[in-house]
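Per the numbering used here, residue 628 is the first one in the sequence shown, and the count goes up by one each step.
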Amino acid sequence: MSTFVHPFREGSKDQKDLLGGKGANLAEMTRLGLPVPPGFTITTDACRYVMHHGQNPPELADQVTAALEDVEQQISRRFGDREDPLLVSVRSGAAISMPGMMETVLNVGLNDETVQGLAAQSGSERFAQDSYRRLLQMYGATVLGIEASMFEEALEAVREERGAADDAGLDAGALEEIVGRYQQIIERETGSPFPQDPREQLRGSISAVFESWNAPRAVIYRNAEHIDHELGTAVNVVAMVFGNLDDRSATGVAFTRDPSTGEHGIYGDFLVGAQGEDVVAGIRNTRSLEELGEVLPDAYQELLRTMDVLEEHYRDLCDIEFTIESGKLWMLQTRVGKRTAAAAFLIATTLVDEGAIDEREALTRVSGAQLTRLMFPRFASGEREVLARGMGASPGAAVGEVVFDSETVIARAQEGHECLLVRRETNPDDLGGMLAAEGVLTSRGGKTSHAAVVARGLGKTCVCGAESLDVDPKAREIRMGGEVVAREGDVLSIDGATGEVFAGRIPVEPSEVAQYLEGDLAADDPRASALVRSVDRLMGVADEVRRMQVRANADTAADAQRARQMGAQGIGLARTEHMFLGERRAQVEKLILAGDPAEREEALAELLPAQREDFAGLLRAMGDLPVTIRLLDPPLHEFLPDLTDLSVRIARAEEAGRRIEPHERKVLAAVERLHEQNPMLGLRGVRLGLTIPGLFGMQVRAILEAELEVRADGGDPHVEIMIPLVGSVRELRSIRHEIDDVTEEVAAGAGAGDGAELTTRIGTMIELPRAALRAGEIAEAAEFFSFGTNDLTQTTWGFSRDDVEAGFFFTYKERGILSDSPFESLDQYGVGELLRIAAERGRATNPNLTLGVCGEHGGDPASIHFFHSLGLDYVSCSPFRVPVARLECGRATLLEEGFTPQP
Ligand code: PEP
Ligand code: MG
628 MSTFVHPFRE
638 GSKDQKDLLG
648 GKGANLAEMT
658 RLGLPVPPGF
668 TITTDACRYV
678 MHHGQNPPEL
688 ADQVTAALED
698 VEQQISRRFG
708 DREDPLLVSV
718 RSGAAISMPG
728 MMETVLNVGL
738 NDETVQGLAA
748 QSGSERFAQD
758 SYRRLLQMYG
768 ATVLGIEASM
778 FEEALEAVRE
788 ERGAADDAGL
798 DAGALEEIVG
808 RYQQIIERET
818 GSPFPQDPRE
828 QLRGSISAVF
838 ESWNAPRAVI
848 YRNAEHIDHE
858 LGTAVNVVAM
868 VFGNLDDRSA
878 TGVAFTRDPS
888 TGEHGIYGDF
898 LVGAQGEDVV
908 AGIRNTRSLE
918 ELGEVLPDAY
928 QELLRTMDVL
938 EEHYRDLCDI
948 EFTIESGKLW
958 MLQTRVGKRT
968 AAAAFLIATT
978 LVDEGAIDER
988 EALTRVSGAQ
998 LTRLMFPRFA
1008 SGEREVLARG
1018 MGASPGAAVG
1028 EVVFDSETVI
1038 ARAQEGHECL
1048 LVRRETNPDD
1058 LGGMLAAEGV
1068 LTSRGGKTSH
1078 AAVVARGLGK
1088 TCVCGAESLD
1098 VDPKAREIRM
1108 GGEVVAREGD
1118 VLSIDGATGE
1128 VFAGRIPVEP
1138 SEVAQYLEGD
1148 LAADDPRASA
1158 LVRSVDRLMG
1168 VADEVRRMQV
1178 RANADTAADA
1188 QRARQMGAQG
1198 IGLARTEHMF
1208 LGERRAQVEK
1218 LILAGDPAER
1228 EEALAELLPA
1238 QREDFAGLLR
1248 AMGDLPVTIR
1258 LLDPPLHEFL
1268 PDLTDLSVRI
1278 ARAEEAGRRI
1288 EPHERKVLAA
1298 VERLHEQNPM
1308 LGLRGVRLGL
1318 TIPGLFGMQV
1328 RAILEAELEV
1338 RADGGDPHVE
1348 IMIPLVGSVR
1358 ELRSIRHEID
1368 DVTEEVAAGA
1378 GAGDGAELTT
1388 RIGTMIELPR
1398 AALRAGEIAE
1408 AAEFFSFGTN
1418 DLTQTTWGFS
1428 RDDVEAGFFF
1438 TYKERGILSD
1448 SPFESLDQYG
1458 VGELLRIAAE
1468 RGRATNPNLT
1478 LGVCGEHGGD
1488 PASIHFFHSL
1498 GLDYVSCSPF
1508 RVPVARLECG
1518 RATLLEEGFT
1528 PQP
C-alpha cells in the first residue's frame, strides 16, 4: 500500500518533490520546534494519481481519516464537534512555488451547528459568523465553481443595507444574514444545499485543490515559468488558527531580508483582525511590520526570534506567512524567498561576507536568467516630474500605454503596442495581462501583494500601492485628487526600483551591470555600485571553476571586439553569408549568373579581396583566440530577388509594353532554376561547395591569406575553417580535397614551402541526424565538431525553424505537449541524445576532437548544463549572452552532481 499522507512531524525540507514546497517547509519548521499548527500533507503522488486515473487513490480516504485523528489528538478538538470543533485549512503547495495560482479553502468543518460551538468557545458570535461566511464564499467559488462576484455582490448589498463602510463595520447579525444569502446562492446555483457534513467538505476541498493544478491560469503560469505540467501539487491540511479572532489577532507576511536589496532588516506587512489571503490579496491596505512591535509586542519579539532561527537554518532569505491568534504566534509557511535579480546577487555575496556560505555556494544561488535581467536598460537620470509614488516592487524601467484590463493588454500587445497594466490590485487571473505588459502598476497592496510577488517571479517591472492614484477601470482613467491624470492609451513610465511613476515617456539608458560587463565600467571604479561588485565577484568565481569555454557567434570585427570585452574566449561561429549582403550582393549575383567557368572565376576573384579583408578584421579583433569561420551555408536564391516579386514585376512591365532587359530575364531564369520547395533541405551548406566549383576554394583562400597577413603583422591567429551541413564523411573528404589544394597553393605562394606557417584547423558542423549517427567516421576527417543545434533540432523534430514558433507551438504549449520551444531550450532527451551519440563516437575515433555548440542553445542556461554533462569543450552564443553563458558554465560545474537531463 502506498503512503499518500504524511504528518508534518515526519517530513523535511528536502522532500519538496513529494510534499510540495509548503508541506516540506512546514515539516521542517515542525521539526525545528517552531510553532506550527498540527497538520498533514497529501503528496504530489496522489495528485498525479488523480490526474492519470480521474479518481483518488483507493487508500487515500482511510489515510486522511487517520491523519485527521492524529491532529484531533494533538489539538484536543474533534472535527465536526458541536461544542468545540476542530477546523482545518486546505491549501495547495507544489514543488515549485506558483503564487496565487491554485486554490485554498479555509475554515473547513463549519456548518450550521459547529458555528454555534465556535461562537461559544471563542466568545464571539461575530467571529464565528465571519469565519462561516468565508468558508461558504471560498467553498462556493473554489469547490463548487460558482462565480466569485455573486458572493461579492451579496456582501456589498448587505453592507449597503446596513450602512457599513467596510467589512469591519458588519456586526454578527449582518454576517449571519450574509451566511444565509450565501447558502441561498449555493443552493440556487448548484441545486443542492451547502454540505453540512465536515468530511464531505474536506473531500471536496482536497479534490478542488488537485483540480486547480490544471486550472487555465496555472497552466499559463507553468508555461511562462517553464514548469513541468507533470509535477502535480501537494495538499496541506492544517488545523486552523485565527487571525480574525479578536483585536489581539493578526495575520501577515514577512521577509528576513529586504527582497529588493538583500539588506538585513524587518520587512513585511500585517493586518489586525484578518484572515489568510487578506494581506496578499491587496484588498486592504496593510500596515508595515515594524508597527506590529507596538500593537502586539510579545508576538512580535517571538516572530523576530523565529526569523533568526530560519535564516540561520536555511542560510538564505526566507519569506514567512504567520498568524497571531489572541497574542500567540503561529507559523503558517516559510520558504527560501523569491527575490529580485539584484537582490539575489547582493544576498549571495552578503551571505559570504557574513560567513554563512562560501563563494562557490554563492554562485549556485544566482542564475543566468537573473543576470540577464540585470542587463536590461533603466531610466536615464535627469530632471523630471514624479506623478506619483508607490513601492518599487520589481525593478526595471517600463514605458507603455495605460490599459486597465488584462484582455485589452493581451490584444494590444499582439498588435505591437507596449502597454502598462494598471489596476487597483491584480488577481491570479491577471497573469496573462501581466505577461503581455511591459510593466504593472497598482494603486493598492504592498510589496507582498499578488502583483508584487508574481511580477518579481516573472522579472516584470512593477510598482504597487501608488495610493495617490485613483484607478477607475470603468471610466478608463486615472485620477489624482479628482483630476484626470491619464486616460487609457496615454503613456506612463514606471520605475520598479524606486516606485516612481512618471507621465509620458522617459528615455532609458543601459544598465550599470551591462556597462560593467561590456567593459565600460570597472568593478573597482568608485562609481560602481555594490551590485556591480557582487556581479564581478561571482563572475570571477564562475570563470575560475568552469570547465567549458565560452565563445561568441560574431560575423564582424566590431561584434568580435564586443564579444571579447564580454569575456568571449574565441569565436565559435562566424557566418560568412552576412558578409555577402549590401553592396556585395551584386558580386554574388554575378557569380550565380555566370554562364561559363571564366565568368564564374572572374566573379569569385572580385569577391576574394573583400572576403580577405573581412577575415583579417575578425582575426585581428580576436588576437590569439580561436576563430571559427564557417564557409557559405544558405541557399543561393537568398541573394536573389524573391520569385513571386520578380515574376510580377516582369509581367507588369510586359503588360505596360516596357522592354525587358536581358539582365532581368537572366535573373528570372536563375531564380526559377534555384527555386526549391524546401530550401532548408535543399542546396545549402557543403552541398553548395560541392556544386559550385571554386566557391569554397575562394573563401578558404581568403581565410588563409588573411591568416598569413595577420601573422606577418606580428599577430598569432588561430583559425578554424568549418564546413556546414555535412551528413556523410564522403562530403567532407570530397570538399577537403579542394581545401587542401588551396592550402598548398597559398602556402607555396607565400614562400612558406610546405605550409608550415598555416596552423589552420578544419572541422565540421554536426547539424543533421545522420552526421550525429555517423560521427565516428566523420571524426576521421575533422579536427573539431561544432553542434549546429538549430538545424539539428529542425531536422530531428521535422519542425521548420522559421515557422513553428509563430505557428502551432501555441497549441502544443496549451496542450502541455511542450513547455518550451525546442529551438530555445535544447530537447535534452531527443536532440540531446544525438549529441551524446556524436560526442561519444567522435571522441572514440579522435580523443583530441574539440567539441562545441554554436546553435542558439549555446546561450541558454538549461541547455548549457546539459552540454556540460556531455563534457563538451565550449559553447558559443551571441555576444550579449556571453556573460550569462560564463556564469552558467560555472554553475554547471558546481551543480554537476545533481544534474539529470530534462525531458
Ligand atoms: C545551427 O544550425 O545551429 C547553426 C548554428 O547554423 P545556422 O543557424 O546558421 O543554420
Ligand atoms: Mg545550421
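Don't be surprised by glycine CBs; every beta carbon is placed ideally from N, CA and C.
8 Å contact criterion, which D1182 and M1206 should meet: CB distance rounded: Position 555 of the sequence shown, counting from 1, holds the residue named residue 1182. Position 579 of the sequence shown, counting from 1, holds the residue named residue 1206. So it is a contact: roughly 7 Å between Cβ atoms.
message: I'd like to confirm something about E1432: is its beta-carbon nearer than 7 Å to some heavy atom of ligand 1, or not?
response: Within the sequence shown, residue 1432 is the residue found at index 805, counting from 1. No, since every heavy atom of ligand 1 falls outside the 7 Å radius drawn around the Cβ of E1432.
message: With a threshold of 8 Å, are at least 3 pairs of Cβ atoms found where one atom belongs to the segment 1318-1330 and the other to the segment 1270-1277?
response: no
message: Tell me whether the segment 1173-1192 and the segment 1220-1235 touch, counting them as touching only if at least three CB pairs, one residue from each stretch, are closer than 8 Å.
response: no
query: In chain order, which alpha helix (DSSP H) runs of at least 4 residues are fully inside the segment 985-1054?
result: 986-991, 995-1001 and 1033-1041
query: For ligand 2, any of its heavy atoms closer than 7 Å to the Cβ of P1351?
result: Residue numbering aside, residue 1351 sits at position 724 when the sequence shown is read from its first letter. Within the cutoff, so yes.
- prompt: Helix, strand or coil for D1381 per DSSP?
  reply: Working through the sequence shown from its first residue, we reach residue 1381 at position 754. Because D1381 sits at a pLDDT of 45, beneath the cut-off of 50, its placement in the model cannot be relied upon, and the point is left open.
message: For A1040 and G1060, I'd like the C-alpha separation in whole angstroms.
response: Your numbering for residue 1040 matches position 413 in the sequence shown. Your numbering for residue 1060 matches position 433 in the sequence shown. The straight-line gap from Cα to Cα measures roughly 9 Å.
Assigned exposure category for M628 - 16 Cβ within 10 Å defines buried: Against the sequence shown, residue 628 aligns to sequence position 1. Classification of M628: exposed, given that the 10 Å Cβ count is below 16.
message: I'd like the span of the alpha helix (DSSP H) that includes P674, first residue to last.
response: Stepping through the sequence shown from its first residue, residue 674 is reached at position 47. Going by the sequence as given, residue 674 is Cys instead of Pro. That run of the alpha helix (DSSP H) goes T671 to H680.
- prompt: Say the cut is 7 Å; is the CB of G1415 nearer than that to a heavy atom of ligand 2?
  reply: Locating residue 1415 in the sequence shown gives position 788, where the first residue counts as 1. Because some heavy atom of ligand 2 lies under 7 Å away, the Cβ of G1415 counts as near it: yes.
Beta strand (DSSP E) segments (min. 3 residues) lying fully within the segment 686-771: 715-721 and 731-735
- request: Determine the burial state of S1427: buried for a count of at least 16 other Cβ atoms within 10 Å of its Cβ, exposed for fewer.
  value: The residue labelled residue 1427 in the question sits at position 800 within the sequence shown. Flag for S1427 reads exposed.
- request: Determine the direct distance from the alpha carbon of N863 to that of R808, and round the result to whole angstroms.
  value: One-based indexing of the sequence shown puts residue 808 at position 181. One-based indexing of the sequence shown puts residue 863 at position 236. The alpha-carbon atoms of R808 and N863 are separated by roughly 29 Å.
query: Under a Cβ-count criterion, where at least 16 other Cβ atoms within 10 Å of its own Cβ denotes burial, should K1101 be classed as buried or exposed?
result: Looking up residue 1101 in the sequence shown gives position 474. It is exposed - the Cβ of K1101 has fewer than 16 other Cβ atoms within 10 Å.
message: Quick check on F1435: buried or exposed, where buried means 16 or more other Cβ atoms within 10 Å of its Cβ?
response: In the sequence shown, counting from the first residue as 1, residue 1435 sits at position 808. By the 10 Å Cβ count, F1435 comes out exposed.
- request: In angstroms with no decimal places, state the Cα-to-Cα distance between L1310 and L1267.
  value: The sequence position of residue 1310 within the sequence shown is 683, counting from 1. The sequence position of residue 1267 within the sequence shown is 640, counting from 1. Spanning the two alpha carbons is a distance of roughly 14 Å.
message: If you reduce the DSSP assignment to three classes, tell me which class P843 lands in.
response: Against the sequence shown, residue 843 aligns to sequence position 216. Correct three-state label for P843: helix.
field: Limits of the unbroken alpha helix (DSSP H) element including T1423
entry: For the purposes of this step, residue 1423 is taken as the residue at position 796 of the sequence shown. First-last of the alpha helix (DSSP H) with T1423: T1416 to W1424.
field: Residue interval of the beta strand (DSSP E) (run including G879)
entry: To locate residue 879, count along the sequence shown from 1; it is residue 252. From DSSP, the beta strand (DSSP E) with G879 extends over A877 to R884.
query: Under a three-way DSSP split, which group does D1097 fall into?
result: Indexing the sequence shown from 1 puts residue 1097 at position 470. DSSP places D1097 in strand when its eight states are reduced to three.
field: Among S639, F1526, D1430 and E1229, nearest to Q1214 - alpha-carbon criterion
entry: As a working note, residue 1214 is residue 587 in the sequence shown. Checked all of S639, F1526, D1430 and E1229; the closest Cα to Q1214 is E1229.
- prompt: Is E1394 near ligand 2, with its Cβ less than 7 Å from a heavy atom?
  reply: Walking along the sequence shown from the start, residue 1394 turns up at place 767. Correct: E1394 has its Cβ closer than 7 Å to ligand 2.
- request: Reducing DSSP to helix, strand and coil, say where C1516 ends up.
  value: Stepping through the sequence shown from its first residue, residue 1516 is reached at position 889. In this structure, C1516 counts as helix in the three-state DSSP scheme.
message: Nearer than 7 Å: is that true of the beta carbon of D1260 relative to any heavy atom of ligand 2?
response: Against the sequence shown, residue 1260 aligns to sequence position 633. True, at least one ligand heavy atom lies under 7 Å from that Cβ.
- request: Let me know the secondary structure DSSP gives V868 once reduced to three states.
  value: In the sequence shown, counting from the first residue as 1, residue 868 sits at position 241. In this structure, V868 counts as coil in the three-state DSSP scheme.
message: One question on the structure: do A845 and G870 come within less than 8 Å of each other, judged by their Cβ atoms?
response: Here residue 845 corresponds to residue number 218 of the sequence shown, with the count starting at 1. Here residue 870 corresponds to residue number 243 of the sequence shown, with the count starting at 1. No; because the gap between Cβ atoms is not below 8 Å, this pair is not in contact.
task: Using beta-carbon positions only, say whether L1200 and K1293 come within less than 8 Å of one another.
output: In the sequence shown, counting from the first residue as 1, residue 1200 sits at position 573. In the sequence shown, counting from the first residue as 1, residue 1293 sits at position 666. Contact: no.
- prompt: Is the Cβ-Cβ distance between C1504 and N1180 less than 8 Å?
  reply: For the purposes of this step, residue 1504 is taken as residue 877 along the sequence shown, with counting starting at 1. For the purposes of this step, residue 1180 is taken as residue 553 along the sequence shown, with counting starting at 1. Yes. Within cutoff.
message: Please return the same chain residues whose Cβ sits closer than 8 Å to the Cβ of A1149, not counting the five positions on each side in sequence.
response: Residue mapping note: residue 1149 aligns to position 522 of the sequence shown, counting from 1. Contacts found: Y1143 and A1155.
message: Taking the alpha-carbon of T671 as reference, which of E838, L659 and Q828 has the nearest alpha-carbon?
response: Residue 671 sits at position 44 when you count from the first residue of the sequence shown. Of the candidates E838, L659 and Q828, the one whose C-alpha sits nearest the C-alpha of T671 is E838.
task: Using 10 angstroms around the beta-carbon of F1526, count the other beta-carbons present and answer buried if the total reaches 16, otherwise exposed.
output: Taking the first residue of the sequence shown as position 1, residue 1526 is located at position 899. It is exposed - the Cβ of F1526 has fewer than 16 other Cβ atoms within 10 Å.
- request: Look up R1470 in the DSSP assignment and say whether it is helix, strand or coil.
  value: If you number the sequence shown from 1, residue 1470 lands on position 843. Helix, per DSSP.
task: Can you give me the start and stop residues for the beta strand (DSSP E) that E1110 sits inside?
output: Your numbering for residue 1110 matches position 483 in the sequence shown. E1110 -> beta strand (DSSP E) spans E1110 to R1114.
Host alpha helix (DSSP H) of Y927 (start-end): As a first step, residue 927 is located in the sequence shown; it is residue number 300 there, counting from the start. Its alpha helix (DSSP H) spans residues P924 to Y941.
query: According to the neighbour-count rule (16 or more other Cβ atoms, all chains shown, within 10 Å of its Cβ), is Y1456 buried or exposed?
result: For the purposes of this step, residue 1456 is taken as the residue at position 829 of the sequence shown. Classification of Y1456: exposed, given that the 10 Å Cβ count is below 16.
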